[in-house]
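Heads up: the structure comes next, in structure tokens.
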Amino acid sequence: MALFANTTVLLGKELRTEFRSRELLTTTVVFILVVIVLFSFTFDPSVGESRKFGPGLLWLSFLFAASLMLQPCFLREQNNDTLSALRLAVQDPFSIFLAKLSANTVFLLLTEVLMLPIFAILYNVHILAVFPQLVLVLFLGSLGVAIPGTAFSAISAQARMRELMLPLLLLPLLTPVLIASTEATSGLLAENPGLRIDWLGFLAGFDIVFLTALWLFGEYLLEE
Amino acid sequence: MTVQAFAPTGIRFENIEKRYGGLYALRRVSLEVAPGECVAFAGRNGSGKTTLLRIGAQLVRPSGGSVSFPGANGDELRGEDGGVKPPLQRPDAMGAPLGFVAHATMVYDELTAEENLLLFAKLQGIAEPGARAAALLEEVGLSERRGSLVRTFSRGMRQRVAIARALLSGPSVLLLDEPATGLDPEGITWLASTLRRMRDAGRTILMSLHGESEISALATRAIRLDAGSVAADTRARSDMRAILTFAGA
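Here you go:
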């Protein structure tokens, strides 16, 4: 019970501080927009090419944007040593991770859903008919990015060259998420769209495995 | 300030060592602080005061030795080389509600003073968090600025919020790392009177200080750390001044 009570309180804090400053959301939206627009202007893809390469490009831009978004997640807890205050206050330290990864998933998902219509217009793909399924893929993919991303953010916040450390640690690890999310999205944007259950299952499995690992070992990542 | 019920608790450091690579921050420090004692730690920069207090707060794992809270239901934290170490345990999970004030303010600049106190009160499961936060804001003299973002505060005002946060749970053990940082003379007088009330109520206080002040006058014991070891330890008031001012160090 304490875990969920603490997580709810902390999630409220994460959302309040972000929606007050809008630092992460603005940066991420602009980054993804720039990547999508630049690729569109550079390659001017046909409908067929968009279906083939669009999902990969979309998820690559989400992944790079996520590595930017996740960087300050624990770093800003160091400014005033607020992480120590949280460690002293919470009943279950896992609630710190759970709140942060929930907030990161919400921010990522929000950004992705905002970017989808722009992607659809620029790349001439139809998303309305498969929008709910797309949101499901985005959710599982974003969770797959946010769980290890939040853990590595805690590690890199204490490291030297921390700005480089997070993408270096995170991006190779997220290759399976990138492949699975891209394949699942490709299935939905194909001429005969369909939900690829195998890739969705893979994403769900990835999320469960990493969430369990974080639950078991996350507490050690918070120690000085 | 409303006096919160608490169980008198001391703190025991046994053979505490802390190494950062080959550098020793603390070397086999053993101390027993009885419930209700008010201990002032003095020492030059880098002598190990902050590390010892952070180990006491269970924020830093010692490389060796253990911390326990006699008088509480006293599980021990042991830092031993080798093997899988258990996670650090929160002092209040060990029966010792603990307040900690660090060099940094440990509060969020992007939240208001009231939001900060409410956040930490709710996390600690304090009953009626709103009333507790309001009472502490009144106590630290910030009730009129309760709705202002902490980032708009002066260093002294931030320190008052930091102290209010540490007092939220009515801790039986208070660890204060240079608590007068940023406070003006009026603030120091206020802090001294608050700590005096807490000491007189039987709460255990450990604080690191530089030099003599109204706050150091509250100490019932003074300890000087030097290069990570206890160099002097006295309860005699006549010797405290020398320890706090490093005379003869």
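Top line first, the protein sequences correspond to chains A and B.
Take 1 as the starting number for the first sequence in the numbering used here and just add one per residue.
Take 1001 as the starting number for the second sequence in the numbering used here and just add one per residue.
Note that beta-carbon positions come from the ideal geometry of N, C-alpha and C, so glycine has one too.
Handout entry: Contact set for Asp207 (chain A): own chain, Cβ-Cβ below 7 Å, skip 5 residues either direction
Key = Leu140, Leu143, Gly144 and Ile147
Exercise for the section: Between the Cα of Ala85 (chain A) and those of B:Leu1244, B:Leu1117, B:Gly1182 and B:Pro1070, spot the shortest distance and give me the residue it belongs to. Expected result: B:Leu1117
Exercise for the section: Using a Cβ cut-off of 7 Å, pull out every chain A residue sitting near Gln1159 (chain B), in sequence order please. Expected result: What Gln1159 (chain B) touches in chain A: nothing, since even the nearest Cβ is about 11 Å away.
Exercise for the section: Assuming Val1173 (chain B) and Ile1011 (chain B) form a contact by the criterion Cβ under 8 Å, report the distance between their Cβ atoms to the nearest whole angstrom. Expected result: 6 Å
Practice task
Starting from Thr1234 (chain B), trace the beta strand (DSSP E) both ways and give me its first and last residue.
Solution key: Ser1229 to Thr1234
Problem - Nearest neighbour of Val35 (chain A), chosen from A:Ala65, A:Gln158, A:Phe4 and A:Gly48 [CA to CA] - result: A:Ala65
Problem - One or two residues paired with Ile1254 (chain B) in a DSSP bridge - result: Summary: the structure shown does not reach residue 1254 (chain B), with chain B confined to residues 1001 through 1249, and so no result is reported for it.
Problem - Min CB distance Gly1125 (chain B) to chain A below 8 Å - result: yes
Practice task
Pick helix, strand or coil for Asp1177 (chain B), following the three-state DSSP scheme.
Solution key: strand
Exercise for the section: Determine, using beta carbons only, whether Gly1043 (chain B) and Asp1226 (chain B) come nearer to each other than 8 Å. Expected result: Yes, Cβ-Cβ distance for Gly1043 (chain B) and Asp1226 (chain B) is below 8 Å.
Practice task
Taking only beta-carbon positions, decide if Met1198 (chain B) is within less than 8 Å of chain A.
Solution key: no
Handout entry: Counted within 10 angstroms of its Cβ, other Cβ atoms place Tyr1108 (chain B) as buried (16 or more) or exposed
Key = buried
Exercise for the section: Report the residue from A:Arg16, A:Phe131, A:Lys13 and A:Thr17 whose alpha carbon sits nearest the alpha carbon of Val113 (chain A). Expected result: A:Phe131
Practice task
Kindly indicate if chain B contains any beta-carbon less than 8 Å away from that of Asn104 (chain A).
Solution key: no
Handout entry: Spatial neighbours of Val29 (chain A) in its chain, beta-carbon cut-off 8 Å, leaving aside the 5 residues before and after
Key = If we look at Val29 (chain A) and ignore the five residues flanking it on each side, its Cβ neighbours are Thr111, Leu114 and Met115.
Handout entry: DSSP state of Leu140 (chain A) mapped onto helix, strand, coil
Key = helix
Exercise for the section: Could you please give the first and the last residue of the uninterrupted beta strand (DSSP E) stretch that includes Leu1206 (chain B)? Expected result: Thr1204 to Ser1208
Exercise for the section: Could you tell me if Tyr1020 (chain B) is buried or exposed, where buried requires 16 or more neighbouring beta carbons within 10 angstroms of its beta carbon? Expected result: exposed
Handout entry: Option nearest Phe107 (chain A) by Cα separation, candidates A:Leu195, A:Asn79, A:Arg22 and A:Phe94
Key = A:Arg22
Problem - Residues from the region 77–91 of chain A in contact with chain B, defined by Cβ distance under 8 Å - result: Answer set for the region 77–91 of chain A: Asn79, Asn80, Asp81, Thr82, Ser84, Ala85, Leu86, Arg87, Leu88, Ala89, Val90 and Gln91.
Handout entry: 7 Å Cβ cut-off: residues of chain B touching Ser21 (chain A)
Key = Glu1110
Exercise for the section: Report yes if the CB atom of Val1161 (chain B) is closer than 8 Å to the CB atom of Thr1105 (chain B), and no otherwise. Expected result: yes
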